[in-house]
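Here my numbering = 1-based position in the sequence shown + 150. The beta-carbon is built from N, C-alpha and C at its ideal position, and this holds for glycine as well.
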Amino acid sequence: MLSRWSNQGVNLWKVDLVTQALTTGTSTYSVDADTVVILDAYVTVNQSGSDIDRIIMPISRTEYASYPNKEQQGFPTVFWFDRLLSPTVTIWPVPDTSTGPQYLKYYRVRRIEDSNFTNGQQLDIPYLWMECYAYGLAQRLAMVWAPDKVALLKPMADEAYAIAADQNIETAQQYISPMVSGYFRP
151 MLSRWSNQGV NLWKVDLVTQ ALTTGTSTYS VDADTVVILD AYVTVNQSGS DIDRIIMPIS
211 RTEYASYPNK EQQGFPTVFW FDRLLSPTVT IWPVPDTSTG PQYLKYYRVR RIEDSNFTNG
271 QQLDIPYLWM ECYAYGLAQR LAMVWAPDKV ALLKPMADEA YAIAADQNIE TAQQYISPMV
331 SGYFRP
């Protein structure tokens, strides 16, 4: 069930920031196997004693494969997250750190830890998801131990998940405004 929750979307309580030092001429770096997805990435470079961050954009495997010179050095502008059993992130152009240290920083979603109640381990979920967990677990257990109760529990589990997922959002304001300007023909 926790694996399914990871697959259904971003669980904000599992997002953290990872920092990876970049090395001149190295394009591919290992990523922790607990990483489900990389959300946002940027490169930090120290210029004149001050850190400057520049966002870099994700690309697909196909797009990366289309680049003719994968060893081209420069300031990284894109990244490819290869979701293998041992995942990696490849950045392009390949970093050139001769002007100073550079760091790849990215926000990632970590896998929700498996439930294991030995030694008093707590669930790896926030309080707002407790009801969802209880109904979801009851429904899954009913599939084996009380199949006649599954039809009763499934709508309750789905509703509890929907309520929790609706609250699992960032509350920053976003504004979209069109650029409106005059157009005149002589």
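Taking 8 Å as the cut-off, the beta carbon of SER156 is found closer than this to the beta carbon of ILE262. Put simply, the segment 169-182 touches the segment 232-242. At least three CB pairs are less than 8 Å apart. For PRO276, the CB contacts under 8 Å within the same chain, skipping 5 residues up- and downstream, are TRP163 in chain order.
Counted as a single uninterrupted DSSP element, the beta strand (DSSP E) harbouring GLN252 occupies residues 252-260. Contact between PHE225 and ALA191 is absent: CB atoms are separated by about 13 Å, not below the 8 Å threshold. According to the DSSP assignment, TYR179 belongs to the beta strand (DSSP E) that extends over 178-180.
Residue ARG260 holds the alpha-carbon nearest to the alpha-carbon of ARG233 among ALA288, LEU152, ARG260 and MET293.
Distances from the CA of TYR253 to each of THR176, ARG154 and GLN271 were compared; the closest alpha carbon is that of THR176.
Unbroken alpha helix (DSSP H) stretches of 4 residues or longer found wholly inside the segment 207-239: 211-215, given in chain order. TYR217 and SER248 have their alpha carbons spaced roughly 23 Å apart. Note that the C-beta distance between ARG258 and ASP166 is below 8 Å. Linking GLU213 to PRO328 through their CA atoms gives a straight-line distance of about 30 Å. Membership of GLN289 in the alpha helix (DSSP H) is indicated by the continuous run 280-295. Between the alpha carbons of PRO251 and GLU221 lies a gap of roughly 19 Å. Residue pairing by DSSP puts TYR192 in a beta bridge opposite ILE205 and LYS255.
Assignment of PRO245 by DSSP, reduced to helix, strand and coil, places it in the strand class. Sorting PHE231, ALA310, ALA314 and ALA171 by C-alpha distance to the C-alpha of VAL186 places PHE231 at the top.
Around the beta carbon of GLY286, a 10 Å sphere encloses 16 or more other beta carbons of the protein chains shown; the residue is thus reported as buried.
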